[in-house]
Amino acid sequence: MSDPVPKPRRIIDCDVHCNPMPDNPIERFLPDSYRTALEQHMVSRPGPGYVNPFGVNRRDAAHERPEDIEREHLDRYSITYAVLQPQPSMYLSLNHSIDLGNAMCRAANEWLVATYLDRDPRYLGSVCVNANDPPAAAAEIRRAGAHPRMVQVIVPGEASFLYGHRFYHPIYEACEEMDLVFALHPGSEGSYGSSTAVGRPSTYFEWHVSLSQTFMAHAASLVLEGTFEKFPGLRVLLAEGGIGWLPHLLWRMDKDFKALRSTTPWLKQEPSAYVFEHIRLTTQPIEEPENPNHFVALLEMIRAEKTLCFSSDFPHWDFDDPVRAFGSKIPDATRERILWGNAADLYRKRLAALKTP
Amino acid sequence: MTAPKKSVEIAFAVAAEGASPKVAGRESIRVGHRSEIAEGACKIIEHGSITIGVFLVEGVFHAIRNYCPHQGAPLCQGTLHTTYEPAAVGEFRPALPGRVLRCPWHGWEFDLATGKGLYDAKGRVKTYATRVDADGIVFVDL
C-alpha cells in the first residue's frame, strides 16, 4: 500500500450511515395517533443476536450528527455525494407490527429529508420501506421517492422471501416508475432464523464473514425468477455483500442454464447477462488477498469497470478509505469507474436533475 | 421499435426455421431399412472416425452428429423431450415437441432438426440431410 495512488477527483460513496439522535429522534415525525402504540412497544423487531465485542463504530471519528459526518468524512475525503443508509430505520421491514413498520418508515424518510437531505447537497437518500407489506412499501416509494435527493430504496438482507419472489413485485414496479435503485444491505441476517444456509454461527466473527451467503441467494433469486424480464428498468445494488463470490455464481448459473433453462423459460439470455445489466455491488468491506494481483484478476472477472461502486461504510469499524483501500495495482480507469463512474451511471437519472455540489 | 433479440430468442428463432436446406452431398451412407428405427428411437451409424445418430420423430428422420460440443459426450445416447420456449414471467409455452435432444452427460438441450443449442445464440451440433428411397432404405447425405 506504499505506492502512490492518484487522489480521486470525484467520489460517490454508496454506503454512509446516519443515526437518530437523542434530541432528534425519528419518532418526532410520527403522527400523534401512534403515541400510544409507541408506549405499547409496537416498534420492535427481532435481531440477529450477534454483537461486535469491540463496538460496531470507529473509535476515532464522531459520527452522531450531520456536522460530524461532514467534518470527519465528506470533507476529509472530498466525497462528492454520499448515499445515506439510515440506521436502524433500514431494518424496519422486520418490525413485528406491520402498521407501525409502515408508519415508522414514513417518519424515518421525513426525518432523513429534514435532518440531512435538505441540509447539504452532498447527501443523497435511501427510502426506507417495509418490504413485508409491498403495496404499502410501493406507496411510500412513490411518496418519499418524489424528493429529488432520494436515489434508492433500502431493504435488509433478511427477508420473508428471497427477493426474486413475486410477492415483492409492487415494490419493483414502484422503483422502476420512480427511477429508484433497489438496494440491499446486510446486518439483520439471522433475525428470523439462521444467518447461514445451515445453522446459527457461534460468534459475531463467523456471522460477519458468512453474510455474503444472503447476497448470493438474493442475486440468484432475482435473476432466475425473471425479475429483470418483468421489470427491465429495475436496477439492484448489493451493498456491503462482498464481491469475491460473484464469479462463482455467474459461472455456475451460466453452466446450469444450458441444461435447466426450460425450467425458467422467461430467461431469454444467459443469467450472467442479467447480472451485468441490472446488478451492481459496493466495495466495502473489500476483499484483501495476500497477492494484490489476485484482486486485479477478481475485478476483471466481475467486470468491475461496469459493476462495482465505491462504499466506505462510514462510520463502521470495517470502514474502507477511498484512496488506500484498493491498493495501487488496479488500472486508473477502473479506479475512476469504481469511485465515480459506475455509481454516477447507476443513479444517473436522479443525479441529472440535481445541481452538482 | 422491437427490442433486439436476446441470445435464447435467437436460438429458438434458428430452431423455428427448421432444418437448413441441405444439398444432397457427395457421399451417402446407408442407414438401413426404415422399419429398423421405431418412432422416438435412434440408430447410430459410423462414418470414418465419427458417429452419427439417426432419429425418427413424428415420421421424420433426423441425423445429428453423436458428439456434444461441451465435453464430447455421446450426445445421441441422450433422451428426446419437449421444451419451453422463451415467454413471459410465469408463462410456460411448450415448444419443439419431442424433438429436443438432451445430452446424457450434463443435460444441454439441442434441437434435433437443426442441431441448434437452445441455451445461447451460437452453440450448435452438426446435422445431416436424410432421405428414404423407394424401397424404404434410409440414407444420410454428407
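Heads up: the sequence lines are chains A and B, in that order. Going by this note's numbering, the first residue of the first sequence is number 1, and it counts up by one from there. Going by this note's numbering, the first residue of the second sequence is number 1, and it counts up by one from there. Backbone N, C-alpha and C fix where the C-beta goes; we use that ideal spot for every residue, glycine too.
Does residue i come out as helix, strand or coil in the three-state DSSP assignment?
i, result
"A352/A", "helix"
"K306/A", "helix"
"L281/A", "strand"
"I45/B", "strand"
"V89/B", "coil"
"L234/A", "coil"
"I141/A", "helix"
"P104/B", "coil"
"V57/B", "strand"
"N24/A", "strand"
"V8/B", "helix"
"T264/A", "coil"
"P135/A", "helix"
"A273/A", "helix"
"L80/B", "strand"
"L96/B", "strand"
"R35/A", "helix"
"A297/A", "helix"
"A145/B", "Beyond the ends of chain B as shown, which are 1 and 142, falls residue 145/B; an answer cannot be given."
"F326/A", "coil"
"L30/A", "coil"
"F360/A", "It is not possible to answer for residue 360/A, since the shown part of chain A is limited to 1 through 357."
"L339/A", "helix"
"D320/A", "coil"
"H41/A", "coil"
Could you check whether residue j and residue i sit closer than 8 Å to each other, using their CB atoms as the reference points?
i, j, result
"Y34/A", "Y204/A", "no"
"T214/A", "G157/A", "yes"
"V151/A", "Y347/A", "yes"
"A139/A", "I171/A", "no"
"S126/A", "A174/A", "no"
"A131/A", "A103/A", "no"
"D13/A", "F319/A", "no"
"Y77/A", "L124/A", "no"
"Y84/B", "S262/A", "yes"
"C18/A", "L84/A", "yes"
"R65/B", "I44/B", "no"
"L308/A", "H278/A", "no"
"L112/B", "F55/B", "yes"
"F139/B", "I29/B", "yes"
"G164/A", "L224/A", "yes"
"P66/A", "R119/A", "yes"
"I154/A", "H185/A", "yes"
"A107/A", "L30/A", "yes"
"R10/A", "W340/A", "yes"
"H81/B", "C103/B", "no"
"S221/A", "L162/A", "yes"
"N57/A", "W251/A", "no"
"P331/A", "S188/A", "no"
With which residues is residue i paired in a DSSP beta bridge?
i, result
"S126/A", "Q152/A"
"C18/A", "P86/A"
"G32/B", "V138/B"
"P289/A", "Beta-bridge pairing links P289/A to no other residue."
"R65/B", "I52/B"
"F314/A", "V16/A"
"R124/B", "K116/B"
Could you spell out where the alpha helix (DSSP H) holding residue i opens and where it closes?
i, result
"D345/A", "342-346"
"Y204/A", "204-209"
"D254/A", "246-260"
"T334/A", "332-336"
For the beta strand (DSSP E) that contains residue i, what are its first and last residues?
i, result
"D111/B", "109-111"
"V132/B", "127-132"
Closer than 8 Å, CB to CB, is residue i near chain C or not?
i, result
"S262/A", "No chain C is part of this structure, whose protein chains are labelled A and B."
Could you tell me which uninterrupted alpha helix (DSSP H) segments, each at least 4 residues in length, are contained entirely in the segment 160-223 of chain A, listed from first to last along the chain? Within the segment 160-223 of chain A, the runs of alpha helix (DSSP H) at least 4 residues long that lie entirely inside it are, in chain order, 169-178, 204-209.
Extract the residue ranges of the alpha helix (DSSP H) inside the segment 52-119 of chain A, only unbroken runs of 4 or more that lie entirely within it. Runs of the alpha helix (DSSP H) lying entirely within the segment 52-119 of chain A and spanning at least 4 residues, in chain order: 66-69, 98-112.
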